[in-house]
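Number of protein chains: 2
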Amino acid sequence: MTDRAAKLQSAGVYQRSTIRDVAARANVSVTTASRALNGTGRMSEETRERVRTVAAELDYRPNSIARGLVQQRSFTLGLLTNDTYGRFTLPLASGLSAAMADRGVSVFLSAGEYEPESLTLNLRAMEEKRVDGLIIAGKRIDRGLPIDLPPLGMPVVYVYAAAPEGAVSFVPDDENAARAAVRHLIGLGRNRIAHITGPEDFKAARLRESGWRSALREAGLAPHGPAVFSAWTEAHGFQTARAMIDAGGVPDAIFCGNDQIARGVIDAFTLAGVRVPQDVAVVGFDNWEVFAQATRPPLTTIDMGLPGLGRSAGLALLDLIDGKPVEPGVRETPCQLVVRESCGANDV
Amino acid sequence: MTDRAAKLQSAGVYQRSTIRDVAARANVSVTTASRALNGTGRMSEETRERVRTVAAELDYRPNSIARGLVQQRSFTLGLLTNDTYGRFTLPLASGLSAAMADRGVSVFLSAGEYEPESLTLNLRAMEEKRVDGLIIAGKRIDRGLPIDLPPLGMPVVYVYAAAPEGAVSFVPDDENAARAAVRHLIGLGRNRIAHITGPEDFKAARLRESGWRSALREAGLAPHGPAVFSAWTEAHGFQTARAMIDAGGVPDAIFCGNDQIARGVIDAFTLAGVRVPQDVAVVGFDNWEVFAQATRPPLTTIDMGLPGLGRSAGLALLDLIDGKPVEPGVRETPCQLVVRESCGANDV
DNA sequence: CTGAAAGCGCTTACAG
DNA sequence: CTGAAAGCGCTTACAG
Chain A
1 MTDRAAKLQS AGVYQRSTIR DVAARANVSV TTASRALNGT GRMSEETRER VRTVAAELDY
61 RPNSIARGLV QQRSFTLGLL TNDTYGRFTL PLASGLSAAM ADRGVSVFLS AGEYEPESLT
121 LNLRAMEEKR VDGLIIAGKR IDRGLPIDLP PLGMPVVYVY AAAPEGAVSF VPDDENAARA
181 AVRHLIGLGR NRIAHITGPE DFKAARLRES GWRSALREAG LAPHGPAVFS AWTEAHGFQT
241 ARAMIDAGGV PDAIFCGNDQ IARGVIDAFT LAGVRVPQDV AVVGFDNWEV FAQATRPPLT
301 TIDMGLPGLG RSAGLALLDL IDGKPVEPGV RETPCQLVVR ESCGANDV
Chain B
1 MTDRAAKLQS AGVYQRSTIR DVAARANVSV TTASRALNGT GRMSEETRER VRTVAAELDY
61 RPNSIARGLV QQRSFTLGLL TNDTYGRFTL PLASGLSAAM ADRGVSVFLS AGEYEPESLT
121 LNLRAMEEKR VDGLIIAGKR IDRGLPIDLP PLGMPVVYVY AAAPEGAVSF VPDDENAARA
181 AVRHLIGLGR NRIAHITGPE DFKAARLRES GWRSALREAG LAPHGPAVFS AWTEAHGFQT
241 ARAMIDAGGV PDAIFCGNDQ IARGVIDAFT LAGVRVPQDV AVVGFDNWEV FAQATRPPLT
301 TIDMGLPGLG RSAGLALLDL IDGKPVEPGV RETPCQLVVR ESCGANDV
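Chains as they are written, first to last, in the working numbering: chain A, 1 to 348; chain B, 1 to 348.
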C-alpha cells in the first residue's frame, strides 16, 4: 500500500481498487488487464475470464478520469438551458441521460434563467471538465440562449432552440402535429374548426396555425374565422371562448395552441352550459399532464415526445463527437396525438 | 508539437493549450506556472502576473480531469432523482448548479422515473466518473428512491426525500410554513378556517395539517371541521368546496395543502357565486406559478424556496467532501408566504 | 523564490 | 498471446 493510500484509508476515505490491483491478483500485466476488461486485443478466453472475475471480486470500477486523460475524452456531455421552469427541460434531460447512461456517458446540467453570468460560469466549469460536447436547449424554437456563446471548440447540438446556420438541431414537427390534430377532428365529423393559440411572434404558434390551415384545406374546409393569437394562457382561452359564446358563433371544434389555452376554453364553455365534446370538441397541444388530465373531460392533445427529442439529440451529438458524418440542419421529429375524451372519439 | 497533437489538429480537432505551453511562454517551470495560476506558493508578484497574463493570452483552461487525477477529486457532483416531472427537480437543480458553478463544481443529472435499472446505470456511470459526492432528491419527504443504493463510499446529502438514520438531509419546514399561512388568514380577521389537503399518508400533508391546528390553537380558535384529506388534485378541491356549499357550511377561509387543490376550490366557489376573497379567503401551498397565477384571483401561497434548498444541500455536501464536520439530521429550511389576492390582503 | 521529478490510473503504440 | 514503457496534463513533496 502506498503512503497516500494509507493516509487516505486512515482518514476514513474509502479506497477503490485500481487496475493494478486487478492485474496483480489475476497474475497478468496491467496491459493485459486493461485489454481484458475493455474487450480489446486478442487473448485466451481463459485469461479474459479470469481478469473479469477478479475485477468483479474486487468490485473494480475503472477510473474514467484516468481513462479520459489518455483518450482525450471525458465521456461527459453538458446540457445548457435557460428553462428553469422545468416544463421542457426535465423530460428532455431524462430522455437524454437515460440514453447516454447506456453508453457510459454522463451529463452535466446547467440551468439558469436570465442569468448570463451564471450560464457563463457553468460553461467555463464544463470547459474545464473537458466535456466532449454540448446540448443547448431553449424554451422556444425561435430563440437561442440569452448569452452569446464564445467559440466552443467542441461539437454542439441544439434542441428546442434556434440554431446558427449549419448547426445540427432538433425541434418537434409542430406543423404536422397540428395537421394531425385537426385531421382527427375532421375524422370525427367536425367541420367548423377554430384555432386559438399563442403570440404570433412565436414560430411554434405560426407553424401550428399553418398546420391547422393545411389540414382544413386538404379536407376542402374553410377555417372557422381567423386564428386568434395571444398569450399562451388559460385566460386567453377563457376570454376567447367567452367572446365566441357572446357573439353566438360557437364552432363545433377548437384546436388550441397549448393545453393551458384549451383548459381556459373548456372552463368557459362548461360555465356557459356548452357541452364538451358533444357541442364542441377541443384539442390541446403539449400533453402537460397536470392540465390535460385535470380538464373535465380529460384533454385530447399532442405529445411532443420530449424524452425522445433529448435522446435523439444526444445520439447525434455522440456521432459528432466520434467524428461520424452528421447532416447539418433542422431535424423535425414526429409528435403524437394522445386521444382522451375532449373530442368524443372514445364515445363511439 | 507532438505526433498526437499534429494528428488531432489535422483531424480538425481544436487543440487547447496546456500548462506546459503557458510555462514555456512565460519562461518559468511548470511547477511555478501551476502555483502562479492556483495562487499557491510564494513568488514575486511580477512572476505571478506574467504567468497569468500569458495564460489569458493563450486562453488557457486548466484541465480539471488531469487535476482531478492527482488530487483525487473530480470537482463533480451527482444529482440523482426519481422526479422526472420537473416540478421539484428543476428549481432545485438550478439553485444547486448555480451555487456549485461559483466554486468550480459541476453537477451530473440523473433523472429517471420508476426505472431502477436506469438509475443504477446512471449511478455506475457517476461512480466511474468519481463524483465527489451525491445529492439524492425525491418527490416526497417520506420516501426514498425506488432503488436500494449500494454502499456508495462517498458523501451523500438528501433533499426532499426520506433519509437513512444519521444522514444529512434538507426538507422544507412544512409545519411552520402552514402555521404562517394560517396566521396570515387570522391576521386578516378570518376565524372559521378550514383545511383541504392531500392524502394523509403523506408526511407533508400531516405536517401542514398540524401547522394549521397549532396556528388556530395559538389564536384560541377552533378548526372549522376536520381536515379533509384526499388526492393532491384540483378535483379534490373542487368537490370538497362543492360539498361545503351544498351543506351550507362555507367557512370564511380555507388553507389548502397545495395550489392545485386551491385552484379547484376557487373554481367551485366562483361557479357557485361565492366570492373569493370577499366571502372566503384561500391560501395554497407550492407557489407553482402556472396555477398560482392562473387562478382568479391570483393565489396567495407558500413558496418552498427550492433553489435555496438545492443550494444549501450542495454547500453541505461540499463541506462533507472537504471533511468538515456537518451535523447529521434533518434540516428544515424556512419557506415564504407569497401574498397575492386570494385573501384580500392587498385590498386594504 | 524556483524547479526537476514522481506520480495520479489508465491506454496504447511498440516489441517480443 | 503477452508485457514493459511512455505518456495524457496536471499537482506536490522534496531539494536547492
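Even for Gly, the Cβ is constructed at its ideal location relative to N, Cα and C.
Per-residue contacts from residue i into chain A (C-beta, under 8 Å)
i: D356/B; result: No answer is possible for residue 356/B: the residues shown for chain B start at 1 and end at 348.
i: R87/B; result: G86
Interface partners of residue i on chain A, CB under 7 Å
i: E234/B; result: A294
Whole-angstrom C-beta distance between residue j and residue i, which should lie under 8 Å
i: V276/A; j: F269/A; result: 6 Å
i: L77/A; j: V105/A; result: 6 Å
i: V265/A; j: V250/A; result: Contact doesn't hold; Cβ gap of about 11 Å is too wide.
i: R242/B; j: T300/B; result: Actually they are not in contact, since the Cβ atoms of R242/B and T300/B sit about 22 Å apart, beyond 8 Å.
i: Q278/A; j: G344/A; result: 7 Å
i: S110/A; j: L90/A; result: About 14 Å separates the two Cβ atoms, so there is no contact after all.
i: W355/A; j: G257/A; result: Nothing can be reported for residue 355/A: it is not among the residues displayed for chain A, which extend from 1 to 348.
i: L315/B; j: Y160/B; result: Not confirmed; about 16 Å, so no contact.
i: R208/A; j: E200/A; result: About 11 Å separates the two Cβ atoms, so there is no contact after all.
i: D174/B; j: I321/B; result: So it is not a contact: roughly 29 Å between Cβ atoms.
i: T31/B; j: T47/B; result: Going by Cβ atoms, the distance from T31/B to T47/B rounds to 12 Å, so no, they are not a contact pair.
Contact set between residue i and chain B, taken where Cβ atoms lie within less than 7 Å
i: T84/A; result: L90, P91 and S94
Residue i and residue j closer than 9 Å at C-beta
i: H184/A; j: V283/A; result: yes
i: R50/A; j: V70/A; result: no
i: I245/B; j: A272/B; result: yes
i: G144/B; j: S94/A; result: no
i: A294/B; j: Q15/A; result: no
i: S230/A; j: G198/A; result: yes
i: A162/A; j: I141/A; result: yes
i: L318/A; j: R103/A; result: yes
i: L152/B; j: E127/B; result: yes
i: A292/A; j: V338/A; result: yes
i: F108/B; j: F75/A; result: no
i: S342/B; j: A262/B; result: yes
i: G68/A; j: R130/A; result: yes
i: I237/A; j: D267/A; result: The identity of residue 237/A in the sequence shown is Gly, whereas the question assumes Ile. Contact: yes.
Contacts of residue i in chain A (Cβ-Cβ under 9 Å)
i: F108/B; result: T76, S97, S106, V107, F108 and L109
Any non-hydrogen atom of the ligand HEM within 8 Å of residue i CB
i: N63/A; result: The model depicted lacks the ligand HEM and carries no ligand whatsoever.
- Query: Using a beta-carbon distance cut-off of less than 8 Å, what residues from the stretch 110-141 of chain B approach chain A?
  - Reply: Taking 8 Å as the Cβ-Cβ cut-off against chain A, the residues of the stretch 110-141 of chain B that qualify are S110, A111, G112, E113, E115, S118, L121, N122, R124, A125, M126, E127, E128, K129 and R130.
Can at least three beta-carbon pairs, one atom from the stretch 177-192 of chain B and one from the stretch 152-168 of chain B, be found at a separation below 8 Å?
-> The stretch 177-192 of chain B vs the stretch 152-168 of chain B: no contact.
Worksheet item: So does the stretch 26-42 of chain A actually touch the stretch 94-109 of chain A, counting three or more Cβ pairs closer than 8 Å?
Response: Too few Cβ pairs lie closer than 8 Å, so no.
| query | Of the residues that make up the stretch 60-76 of chain A, which ones have a beta carbon closer than 9 Å to any beta carbon in chain B? | reply | Under the 9 Å Cβ criterion, the stretch 60-76 of chain A contributes R61, P62, N63, S64, I65, A66, R67, G68, L69, Q72, S74, F75 and T76.
Note to self: Any C-beta of chain A within less than 7 Å: which residues of the stretch 278-289 of chain B qualify?
What the structure shows: Answer in chain order: no residues at all.
Q: Select from the stretch 258-279 of chain B all residues with a C-beta closer than 9 Å to any C-beta belonging to chain A, and list them in chain order.
A: Flagged, chain order: Q260, R263, G264, D267, T270 and L271.
Q | Cβ contact check for the stretch 48-66 of chain A and the stretch 17-28 of chain A: 3 or more pairs under 8 Å | A | Yes: the two stretches touch, three or more of their Cβ pairs being nearer than 8 Å.
Counting beta carbon pairs with one atom in the stretch 327-339 of chain A and one in the stretch 300-308 of chain A, are three or more of them shorter than 8 Å? Put simply, the stretch 300-308 of chain A touches the stretch 327-339 of chain A. At least three CB pairs are less than 8 Å apart.
Any contact between the stretch 124-138 of chain B and the stretch 155-164 of chain B? By contact I mean 3 or more CB pairs, one from each, below 8 Å.
Contact annotation: the stretch 124-138 of chain B touches the stretch 155-164 of chain B, with at least three C-beta pairs closer than 8 Å.
Query raised in the report: Three or more beta-carbon pairs under 8 Å between the stretch 77-86 of chain B and the stretch 81-97 of chain A, yes or no?
Result: Segments in contact, yes.
*Residues of the stretch 321-345 of chain B with Cβ closer than 9 Å to any Cβ of chain A, in chain order*: Within the stretch 321-345 of chain B, contact with chain A at the beta-carbon level (separation under 9 Å) is assigned to G323.
Given 8 Å, three or more beta-carbon pairs between the stretch 173-182 of chain B and the stretch 206-217 of chain B: Segments in contact, yes.
| query | Is the stretch 193-206 of chain B touching the stretch 218-230 of chain B, taking contact as three or more C-beta pairs under 8 Å? | reply | A contact exists between the stretch 193-206 of chain B and the stretch 218-230 of chain B.
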